[in-house]
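Peer 1: Anchor point for the sequence shown: position 353 equals 353 in this note's numbering, and the numbering is continuous, going up by one each time. Mind having a look at this structure? Questions to follow.
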Amino acid sequence: MPHPVAMGTVMAEMNVKTFSHTVVGLALIVVMGLVGVKATAQTAEGEGILGLFVPVGTISDGSSAYAEQLRAYRLVNMLMRLGLPAFWIAEPFEYEDDMLPRGSFWVPAPDGTPSVAALAQELADRLGVPYTIVYARRFASGEPRISAFRLRPVSVAVYQGDRTYSGAADIASSLELVGVYPRYVTDIEIRRGALDDYDILVMPGGAQDVQSYALGPAGKANIRSFVESGGGYLGICAGAYLASAPQFELNLVDAPSQGRGVIGTWIAVRQRPGSHPLFRGYDDMISDLYYGGGPNFVSDHRAIAVLEGVPQSWKPGLQGLAAVIEDTCGSGCAALVESSSRHCCSRMHIRPGVIAR
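This is the structure in structure tokens:
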């Protein structure tokens, strides 16, 4: 049931600025697009509904919190597809007796339209997503500032070809859990310019040499042009090798692998300081990730997560290498992940993330 609270009428003044940032997943990514926003709430007279706060718990709270997060992301994606604005709260926001944690969502009702607020509430109720209705009267703190990012839906393509195994299907089904419906693209379609219709390309695990051969020079040139023109690329395992190893000539990221572990072992990674938005809700250490043979990178400024506590069967020197990196490529971004999505997608959920242009 919703928790009604009183709040002064808010007319949000959104000062939008570009926010170039890449959010990646240890297994997958949902990229909805993001623009930095400072939303200033101002009090006025009125009784209308301002909007909804959708709190998001932490993964460490247990499986129920995990499922609740998935439903919250699905709700936000649904609302955006219906044309409603949605914001991702970047800093904790205190409202009367409630504290909305960063990573929660704010769905304003434009101009206090009751029908819009009612639609958002109905969808939240149907999905079983908890929320707080914000009424337009009395801010406890006067004129609060909400530090948030405005979300936008984007179109996602998932590469499907020879030797991608179940990776493409795993990615697609995980994205669908949170209300994002990708399309499969083949090497033939990429060579014919299909990426012009998408914002993000996900290249799953498999066999990077086979992927490279299938794409050919024309396909790889189209991928490179797509990213350099502002697109996003997520490479997982083989897809990470394809984007970074010089011999495959895609050359999105200058970050050749610094070593390979033992395939079929289980690893742990640690977030780098700064709490990257991907890991919001996770502990600093994330354990029990299946290693499928992906690249490990130099742990420089591009690292999002590094290897921590590698198995004894691995050769020395791999501890501390980067398991997840992000980098720019022209006007676009590339995120590379070493873990195999085939085994990780059941543990690492998709969250609304960004590859902002």
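Just so it is clear, CB atoms sit at the ideal spot from N, CA and C, and this is done for glycine as well.
(1) So, at 6 Å on beta carbons, what are the nonlocal neighbours of A72 in its own chain, with the 5 sequence-adjacent residues on each side left out?
(2) Does P217 come out as helix, strand or coil in the three-state DSSP assignment?
(3) Compare the C-alpha of G51 against each of L119, A90, D97 and name the closest.
(4) Could you check what DSSP says for V210 in three-state terms: helix, strand or coil?
(5) Taking C-alpha atoms, which residue in Q312, G309, A323 lies nearest to D300?
(6) For R150, which of E228, A90, S166, I171 has the nearest alpha-carbon?
(7) Tell me the DSSP secondary structure of L151 in three-state form.
(8) What do you get for P92, buried or exposed, if any count of 16 or more other CB atoms within 10 angstroms of its CB means buried?
(9) Just the Cα atoms here: how many angstroms apart are G179 and L123?
(10) Relative to the C-alpha of E361, which residue among D288, Y241, V76, G216 is closest?
(11) Return the chain-ordered list of same chain residues with a C-beta closer than 7 Å to the C-beta of G320, the five sequence neighbours on each side being excluded.
(12) Assuming R302 and D327 form a contact by the criterion Cβ under 8 Å, report the distance between their Cβ atoms to the nearest whole angstrom.
(13) Tell me W106's beta-bridge partners as DSSP assigns them.
(14) Buried or exposed: P217, going by 16 or more other Cβ atoms within 10 Å of its Cβ?
(15) Give me the Cα-Cα distance between V209 and F248, rounded to the nearest whole angstrom.
(16) Quick one: what's got a C-beta closer than 6 Å to I286's C-beta in the same chain, skipping five residues either side?
(17) Counting C-beta neighbours from all protein chains within 10 Å, is the total for K315 16 or more, i.e. buried, or is it exposed?
(18) Go ahead and label D187 buried or exposed: buried means 16 or more other beta carbons lie within 10 angstroms of its beta carbon, across all protein chains shown.
(19) Rounded to whole angstroms, what's the CA-CA distance from F87 to S147? Just pull it up for me.
(20) Report all residues from its chain with a CB closer than 8 Å to the CB of G230; omit the five preceding and five following residues, and keep chain order.
(21) Out of E228, G206, Q211, S173, which has the shortest C-alpha to C-alpha gap to I200?
(22) With 16 other CB atoms within 10 Å as the buried threshold, where does Q312 fall?
(23) Tell me the rounded alpha-carbon separation between A335 and A245.
(24) State yes or no: is the C-beta of Y291 within less than 9 Å of the C-beta of G261?
(25) Shortest alpha-carbon distance to D97 belongs to which of T132, N222, E189?
(26) Whose C-beta lies closer than 7 Å to the C-beta of G309 among residues of the same chain, with five residues either side of it excluded?
(27) CB-CB under 7 Å to G193, same chain, minus the five flanking residues each way: which ones, in chain order?
(28) Would you decide whether W266 is buried or exposed? Buried here means 16 or more other CB atoms lie within 10 Å of its CB.
(29) Might you give, ordered along the chain, the residues of its own chain that have their beta carbon closer than 8 Å to the beta carbon of L82, omitting 5 neighbours on each side?
(30) So, under 8 Å CB-CB, G205 and G239 are touching, yes? Tell me the CB distance rounded to an integer number of Å.
(31) Got a sec? Which residues, its chain only, sit under 6 Å from T22 by beta carbon, not counting five neighbours each side?
(32) Looking at the structure shown, is S225 part of a helix, part of a strand, or coil, going by DSSP?
(33) Within 10 angstroms of its Cβ, does S155 collect 16 or more other Cβ (buried), or is it exposed?
(34) When we look at the beta-carbon of S115 and count the other beta-carbons within 10 Å, is it buried (16 or more) or exposed?
Peer 2: According to the structure shown:
(1) The residues are V54, V56, V129.
(2) helix
(3) L119
(4) V210 falls in the helix class under three-state DSSP.
(5) If we check each option's Cα against that of D300, A323 comes out closest.
(6) With distances taken between Cα atoms, R150 lies closest to A90.
(7) strand
(8) exposed
(9) So the alpha carbons of these two residues sit roughly 13 Å apart.
(10) Missing from the structure shown is residue 361; the chain here goes from 1 to 357 and no further.
(11) Cβ neighbours of G320 beyond the five flanking positions: S299, V306, L307.
(12) 5 Å
(13) As computed with DSSP, W106 is found in a beta bridge with F53, F87.
(14) Flag for P217 reads exposed.
(15) Correcting the residue identity first, residue 209 is Asp in this sequence and not Val. Distance between the alpha carbons of D209 and F248: 7 Å.
(16) V269
(17) exposed
(18) Buried is the call here.
(19) 9 Å
(20) Same-chain partners within the cutoff: G330, S331, G332, R357.
(21) For I200, the nearest C-alpha among the options comes from E228.
(22) With fewer than 16 other Cβ atoms within 10 Å, it is exposed.
(23) 14 Å
(24) yes
(25) T132
(26) A268
(27) The answer, listed in chain order, is N222.
(28) exposed
(29) Exclusion of the five residues before and after L82 leaves L119 as the residues of its chain whose Cβ lies within less than 8 Å of its Cβ.
(30) That belief holds up - the Cβ atoms of G205 and G239 are roughly 7 Å apart, short of 8 Å.
(31) Only weak support is given to the placement of T22: the predicted model assigns it a pLDDT of 27, under 50, and the question is left unresolved by the model.
(32) helix
(33) exposed
(34) With fewer than 16 Cβ atoms within 10 Å of its Cβ, S115 is classed as exposed.
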